[in-house]
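If you read the sequence shown in my numbering, its first letter stands for residue 16, the second for the next number, and so on.
This report concerns only the one structure given below.
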Amino acid sequence: MDGPAVLAAHAALQRLLAGFPKEYAKDCSYTAKAMEVSVAQHGGMYFVEIKRNVAKCGWAAPGFNPSAHWYELYAVSADGKVLARYPYHP
């Protein structure tokens, strides 16, 4: 992964985590450990998709996802500035 892609992933993940209520901070389901991040580049911008995978927390069976359709999508500049957010969590 190139440097700007890493910056984009980090910026989007930090934005997501900062939006969770503080009382969720000790729940692994709402930490970076439970998040899967994918990055794609197009037109000089990075698009970052973040999905939650609670199986990474150790208490859920592989493939179990209480929110199967939960994800967030961010548009991020090459210097790591979040430009837009598209939330989708029903």
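Note that CB positions come from ideal geometry on N, CA and C, so glycine has one too.
So, with DSSP's three-state summary, where would you put residue i?
| i | result |
| --- | --- |
| proline 36 | coil |
| lysine 71 | helix |
| lysine 66 | strand |
| alanine 24 | helix |
| alanine 49 | helix |
On the premise that residue j lies in contact with residue i, defined as a C-beta separation below 8 Å, what is that separation, rounded to the nearest angstrom?
| i | j | result |
| --- | --- | --- |
| isoleucine 65 | tyrosine 86 | 6 Å |
| phenylalanine 62 | alanine 20 | Contact doesn't hold; Cβ gap of about 10 Å is too wide. |
Can you pull the DSSP bridge partners for residue i?
| i | result |
| --- | --- |
| tyrosine 103 | Tyr86 |
| methionine 60 | His57 and Ser92 |
Measuring CA to CA, which of the options is closest to residue i?
| i | options | result |
| --- | --- | --- |
| valine 69 | Asp42, Gly18 and Met60 | Asp42 |
| phenylalanine 35 | Thr46, His25 and Ala26 | Thr46 |
| lysine 48 | His57, Gly18 and Arg67 | Arg67 |
| alanine 17 | Gly59, Ser44 and Arg30 | The question names alanine, but residue 17 in the sequence shown is aspartate. With distances taken between Cα atoms, aspartate 17 lies closest to Gly59. |
| cysteine 72 | Met50, Gln56 and Val54 | Met50 |
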